[in-house]
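Trainee:
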Amino acid sequence: GKKTRVASTRLLNGGDPGLSSGVVVRRESAKRDGAAGLPHRLPGGPAVPGAAGAGRPGGRLPVALPARARGARGRPGLRLRPPAEPRGQRPRGPVHAARGSRQGRAPRRPGALPHRRRRLRLRLRRALLRRAAAHRGLLRRPDRPRLRRPRLAPHQGAFAELLALDAAVRGIRSAGDAFEELCARRRGACWSPNPLLGAVQGDEARLEALLPSLTFPLFQGRLFLGPFLGGVALGPGPEVARPVRAAKALRLLYYLQEDPPARREASQRWLGAFLERIPGLLHSLNQTAVQVSYFTSLSRQEEFDKNAKDVIQLFSITYFLTIFFSVMSCSRLDCVRTKVWVAAFGVLSSGLSVLSSFGLLLFCGAEFVITAANAPFLILGVGVDDMFIMVSCWQQTKVKQRVQDRMADTYEEAAVSITITTLTDVLAFYIGIATSFRSVQSFCIYTGTAFVFCYLYNLTFFGAILALNGRREESNRHWLTFMKVKKEPQESRGHLYNMCCVGGSFDESTVAETEHPINTFFRKYYGPFLMNIWTKVLVVVLYLVYVGSSIYGCTQLKEGIDLRNLATDHSYVIQYYDWENEYFSKYGPRVMVVVTESISYWDLSVHAELEKCMDALESSSYVDKNLSQSWLRIYENVAQQMSINITERTVFIRNLPALFTANPDFELDLNSSATEISASRFFIQTVNVSTAVDEQNLLNQLRGLAKDCKIPLMVYHPGFIYFDQYLVIVQNTIQNIAIATGAMLIISLLLIPNPVCSLWVTFAIASVIVGVTGFMAYWDVNLDSISMINLIICIGFSVDFSAHISYAFVSREKPTVNEKAVDALYHLGYPVLQGAVSTILGVVVLSAAASYIFRTFFKVMFLVILFGAAHGLIFIPVFLTFFGSCGRLTNRQSAVVQHDIIKLPPVNTRKTKQPSFPQDPDCP
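The numbering used here puts the sequence shown at residues 127 to 1050.
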């Protein structure tokens, strides 16, 4: 069997995590008693119930008396006057010397009772108090013997519940296998879940004898109790062995066997049974003195996998919202020109791309991780964005042209923009596959492939839907019934009929569909307002504020991920992680220092070099040298006490059993044979490791010191798999962003016919990335593998909005840059706005997810869309007007444009038959 962890990154000995289950036990009233100043008795037991009644341990609960036994002040007995002043402070009256007067006394106060009456009243008062006390049961009756209920010490009640919990866990069976058959064994017996529990062996009398001598963090000079006792209050004494006065939490670790494979499978089944039955066991135990949280070595992965199941229902809500928004934004009051079916099938096209890409990759055996579950939400927003671009370009074509000509004009205008955005998105994600993080690789390959299918389906499937809808409009058919309707309103019919059954109108001046109100807003109001000189100044100032706050946020961004965030909010592991952080965070991981090759431990020079290496490791600010564990140092002490010279090979190896007798645990730290020691390990205890920066510095220091040592050393802890990401997360993020941005620049230069505008697109990418990264710090989002995915997404989306506007700007045929900017906003402002809103609707439901992963995805995506749309609709149009060269095409490009204009076909190439009776409205 292998020793293993119970906590997320806190292993006992730095070994392989293996299979295990763990329980953290906490006092039920730890916080309440702590606030009241009550002592916390080991191992976490509360005071006897009712201790708060008198404000001290063991006090009685206050008992309510009947009304007839209460005084006016709510006290037992009659109405009582306030207590008299001390005799020395009483006011004295004049002294009467006459015969018969009270010599040396003050005269009786008015209303005071004579002496006999005063004694009678005192007797009456005592009798009433006796009655009240008898009513409460505080006094025994003469005819009833007095019984005393045996009282337990506060720690004894908790210890009894602790033993009951341990027995319940050991009694769990799975497929006929009991814990006693699967537990990791030491000297033929199961490994104790806690050194203190093993020391008392279930005997409370031994507990009473153990408590006075209990020290922390070292017990009996060799047992490190840091992972087992939490919230410890210590008395004065040596730093490494101070007496324990109180402890609020205690941890039990149950080790299971892993070898051979059949045992490992049986152990995994037992862990499954443990997770299934432990809630019922805790309920049946009905523990009042302690609280319990639990965790197993399989819990993190199981809870991580549950995230995908919880988000399925959110995906259906997202599709409903997106379809609703798409239909509403593409709808018209005209029953012929409305695009209801186009919008619905546009959303379906995005869904088909997700289905095709995921099906293909899963068929090919591509690894799927939970981060890839974010892809459908992203694809939905991007696919709908492309749909809006194509619908907008279709609406600007001539309605009297043939469907083939209208489709040609639509693709001529929209295909380049869609191609630019798709290429940039696909490259951004496929570049992300080169990262070192498997979760990022999986997300990037699934999302990039989905983008390819989305592009293909938009140009083929959605294009076919758009053409079919064009034929319906050409024949002036109703969008729902597909019946032909009249173009002109019928005065003989009502308003409702004309609104629902009459359609097909268009703008006679432009021979295009009627302009959408929002397009009118961009052309008449927003565009001219944005091109005003004072508005441009305000935009520049606003951009400087944005950049300044973003740069400051980048300096405040934190690294690292809290492992509790990998589970859902209602998971049982959250409580375990919280208590671990509250009670067991003082001591960091116990790092294993491994000598990876066979060396001559008996050689004095080799021994001195090894001690030098250990001293260097122990000199780190993150290591407590007093808590190190070295079998070689103990062996030297044992040999010295036994007067054995261990400077020779044979003597050194032959007397190792003496070391194992002194401390049997050291037998696990050596891999030895009769002739050599092929490998061995030592342990150093880390402290003050509380943040991701500390973990990164700890890893760098220890690995650097081990590398500089002449002895072949390796430092290892299973938690280092999480620490390693902090070493490469920043490097990988910058590398991916730089490569993707360069690729975006190349694509922009190839597809946007102006190099300066291509540079502005690249500038927009960098600006949006800086803004998102900076504002992540303000929204409590750390830089980790999850947010790194979103920063890669940021590259693609920042290109989408700015590329659309930039391409429209350079392709407009207006004389001035201001007019070009207004015309670009008029043609693509509304589609960009639609795309931004649809993408936010695609991810807004993730804000209600019970998982940190999906909430982080929503936060970063919201920032990406917000800043990307702001650049596309505010900053880029203004900045493009500052450089007149962006508005001028080269001579070659102008010639191509003029040549194309000359070759344009007439407005309507189809011969139209003249009506024979033009005056008759009923004549076809």
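Heads up, the beta-carbon is just placed ideally off N, CA and C, and yes, glycines get one too.
Tell me whether Val-508 counts as near the ligand SAM, meaning its Cβ is closer than 7 Å to at least one heavy atom of that ligand.
Mentor: Absence of the ligand SAM from the depicted structure is noted, as is the absence of any ligand whatsoever, leaving it without description.
Trainee: Whole beta strand (DSSP E) runs in the region 766–833 with 3 or more residues, listed along the chain?
Mentor: The region 766–833 contains these whole beta strand (DSSP E) runs: 796–798 and 803–813.
Trainee: Do you know how far the Cα of Gly-900 is from the Cα of Ala-962?
Mentor: The sequence position of residue 962 within the sequence shown is 836, counting from 1. The sequence position of residue 900 within the sequence shown is 774, counting from 1. Each residue's alpha carbon lies about 21 Å from the other.
Trainee: What are the uninterrupted segments assigned as alpha helix (DSSP H) that are 4 or more residues long and contained completely in the region 845–879, given in chain order?
Mentor: The region 845–879 contains these whole alpha helix (DSSP H) runs: 846–877.
Trainee: Taking the C-alpha atoms as reference points, what is the distance between Gly-226 and Arg-245?
Mentor: For this step, residue 226 is matched to residue 100 along the sequence shown. For this step, residue 245 is matched to residue 119 along the sequence shown. Residue placement at Gly-226 is poorly supported in this model, since its pLDDT is 41, which falls under 50; the coordinates still yield a value, given next. Cα to Cα, Gly-226 sits roughly 23 Å from Arg-245.
Trainee: Within the continuous beta strand (DSSP E) that includes Asp-750, where are the two ends?
Mentor: As a position in the sequence shown, residue 750 is number 624, starting the count at 1. Element bounds for Asp-750: 749–755.
Trainee: Confirm, please, whether the CB-CB distance from Phe-421 to Gly-148 is below 8 Å.
Mentor: Here residue 148 refers to the residue found at position 22 of the sequence shown. Here residue 421 refers to the residue found at position 295 of the sequence shown. Yes, they are a contact pair.
Trainee: Which residues in the same chain as Ala-554 place their Cβ atom closer than 7 Å to its Cβ, once the five residues preceding and following it in sequence are excluded?
Mentor: As a working mapping, residue 554 is identified with position 428 in the sequence shown. Within the same chain, Ala-554 has close Cβ partners Ala-866, Ile-918, Ile-921 and Gly-922.
Trainee: Give me the Cβ distance between Ile-559 and Ile-571, rounded to the nearest whole Å; I'm assuming they're in contact under 8 Å.
Mentor: Taking the sequence shown and counting its residues from 1, one reaches residue 559 at position 433. Taking the sequence shown and counting its residues from 1, one reaches residue 571 at position 445. The pair is a contact, with the Cβ atoms about 6 Å apart (cut-off 8 Å).
Trainee: Within a Cβ cutoff of 7 Å, which residues of the same chain sit near Val-665, ignoring the five residues on either side of it in sequence?
Mentor: Looking up residue 665 in the sequence shown gives position 539. Ile-1000, Phe-1001 and Val-1004.
Trainee: For the putative contact between Tyr-583 and Ser-475, defined by C-beta atoms under 8 Å, what is the C-beta separation to the nearest angstrom?
Mentor: On the sequence shown, position 457 is the one that residue 583 refers to. On the sequence shown, position 349 is the one that residue 475 refers to. About 5 Å; that satisfies the 8 Å criterion.
Trainee: By DSSP, does Arg-313 sit in helix, in strand, or in coil?
Mentor: Here residue 313 refers to the residue found at position 187 of the sequence shown. Here Arg-313 sits in coil by DSSP.
Trainee: What ranges does the beta strand (DSSP E) occupy inside the region 349–380, keeping only unbroken runs of at least 3 residues that lie completely in it?
Mentor: Listed in chain order, the complete beta strand (DSSP E) runs (minimum 3 residues) inside the region 349–380 are 367–372.
Trainee: Shortest alpha-carbon distance to Leu-871 belongs to which of Ala-693, Phe-889 and Lys-612?
Mentor: Sequence index remark: in the sequence shown, residue 871 carries index 745 (1-based). For the residues Ala-693, Phe-889 and Lys-612, the minimum Cα distance to Leu-871 belongs to Phe-889.
Trainee: If you count every other CB in all the chains shown that lies within 10 Å of the CB of Arg-249, and 16 or more means buried, which is it?
Mentor: Here residue 249 is taken as the residue at index 123 of the sequence shown, counted from 1. Arg-249 comes out exposed.
Trainee: Take Phe-637 and list the residues in its own chain whose beta-carbon comes closer than 8 Å to its own, dropping the five residues that flank it on each side.
Mentor: Indexing the sequence shown from 1 puts residue 637 at position 511. It is Val, not Phe, that sits at residue 637 in the sequence shown. Closer than 8 Å at the Cβ level, and outside the excluded window around Val-637, lie Lys-524, Val-525, Lys-526 and Val-1033.
Trainee: State the DSSP-derived secondary structure class of Ser-632, mapped to helix, strand or coil.
Mentor: Residue mapping note: residue 632 aligns to position 506 of the sequence shown, counting from 1. The sequence given here places Phe at residue 632; Ser does not occur at that position. In this structure, Phe-632 counts as coil in the three-state DSSP scheme.
Trainee: Do you know how far the Cα of Arg-598 is from the Cα of Phe-608?
Mentor: Position 482 of the sequence shown, counted from the start, is the residue given in the question as residue 608. Position 472 of the sequence shown, counted from the start, is the residue given in the question as residue 598. Going from the Cα of Phe-608 to the Cα of Arg-598 covers about 7 Å.
Trainee: Nearest to Met-1057 by CA position, among Glu-634, Gly-472, Lys-613 and Gly-485, is which residue?
Mentor: Any question about residue 1057 goes unanswered here, given that the chain covers just 127 to 1050.
Trainee: Can you grab the Cα-Cα spacing for the pair Glu-706 / Arg-395, in whole Å?
Mentor: Here the question's residue 706 lines up with position 580 in the sequence shown. Here the question's residue 395 lines up with position 269 in the sequence shown. In a straight line, the C-alpha of Glu-706 is about 26 Å away from that of Arg-395.
Trainee: Using alpha carbons as the reference points, say which of Ile-878, Leu-853 and Phe-1009 lies closest to Thr-942.
Mentor: Numbered from 1 along the sequence shown, position 816 holds the residue referred to as residue 942. Comparing Cα positions, the closest option is Phe-1009.
Trainee: Residue range of the beta strand (DSSP E) that Ser-419 falls in?
Mentor: Taking the first residue of the sequence shown as 1, we reach residue 419 at position 293. From DSSP, the beta strand (DSSP E) with Ser-419 extends over 416–422.
Trainee: Once the 5 residues before and after Gln-413 are set aside, which same chain residues still bring their CB inside 6 Å of it?
Mentor: Mapped onto the sequence shown, residue 413 falls at position 287. Excluding positions up to five away in sequence, the list reads Glu-287.
Trainee: Compute the Euclidean distance between the alpha carbons of Ala-995 and Ile-931, then round it to the nearest angstrom.
Mentor: Counting from 1 along the sequence shown, the entry for residue 995 is found at position 869. Counting from 1 along the sequence shown, the entry for residue 931 is found at position 805. Spanning the two alpha carbons is a distance of roughly 10 Å.
Trainee: Is the region 803–817 close to the region 718–738, with three or more CB pairs under 8 Å?
Mentor: Enough Cβ pairs lie closer than 8 Å, so yes.
Trainee: So the alpha helix (DSSP H) Pro-654 belongs to, where does it begin and stop?
Mentor: For the purposes of this step, residue 654 is identified with residue 528 of the sequence shown, where counting begins at 1. Unbroken alpha helix (DSSP H) run through Pro-654: 653–656.
Trainee: Say whether the region 959–976 touches the region 442–457, bearing in mind that this needs 3 or more beta-carbon pairs closer than 8 Å, one atom from each stretch.
Mentor: Output reads yes: the region 442–457 touches the region 959–976.
Trainee: Applying the criterion that 16 or more other CB atoms from any shown protein chain within 10 Å of the CB defines a buried residue, is Leu-824 buried or exposed?
Mentor: In the sequence shown, residue 824 corresponds to position 698, counting from 1. That one is buried.
Trainee: Under the DSSP definition of a beta bridge, which residues are partnered with Gly-679?
Mentor: Residue mapping note: residue 679 aligns to position 553 of the sequence shown, counting from 1. Bridge partners of Gly-679: none, in fact.
Trainee: What does Thr-497 pair with, by DSSP beta-bridge criteria?
Mentor: One-based indexing of the sequence shown puts residue 497 at position 371. DSSP output for Thr-497 lists no bridge partner at all.
Trainee: With C-beta atoms as the reference, is Gly-897 less than 8 Å away from Phe-993?
Mentor: As a position in the sequence shown, residue 897 is number 771, starting the count at 1. As a position in the sequence shown, residue 993 is number 867, starting the count at 1. In contact: Gly-897 and Phe-993 (Cβ atoms closer than 8 Å).
Trainee: Determine the direct distance from the alpha carbon of Phe-587 to that of Ser-568, and round the result to whole angstroms.
Mentor: Taking the first residue of the sequence shown as 1, we reach residue 568 at position 442. Taking the first residue of the sequence shown as 1, we reach residue 587 at position 461. Between Ser-568 and Phe-587, the C-alpha separation is close to 27 Å.
Trainee: Decide if Lys-751 is buried, meaning its Cβ has at least 16 other Cβ atoms within 10 Å, or exposed.
Mentor: By one-based count along the sequence shown, residue 751 stands at place 625. Label assigned to Lys-751: exposed.
Trainee: Straight-line CA distance for Leu-340 to Gly-679?
Mentor: Position 214 of the sequence shown, counted from the first residue, corresponds to residue 340. Position 553 of the sequence shown, counted from the first residue, corresponds to residue 679. Rounded to the nearest angstrom, the two C-alpha atoms are 49 Å apart.
Trainee: Skipping 5 residues on each side, what residues in its chain have a beta carbon closer than 6 Å to that of Pro-212?
Mentor: Taking the sequence shown and counting its residues from 1, the one referred to as residue 212 is at position 86. Only weak support is given to the placement of Pro-212: the predicted model assigns it a pLDDT of 44, under 50, and the question is left unresolved by the model.
Trainee: Can you list, in chain order, the residues of its chain whose CB lies under 6 Å from that of Gln-522, leaving out five sequence neighbours each side?
Mentor: Taking the first residue of the sequence shown as 1, we reach residue 522 at position 396. Closer than 6 Å at Cβ, skipping near neighbours: Ala-638.
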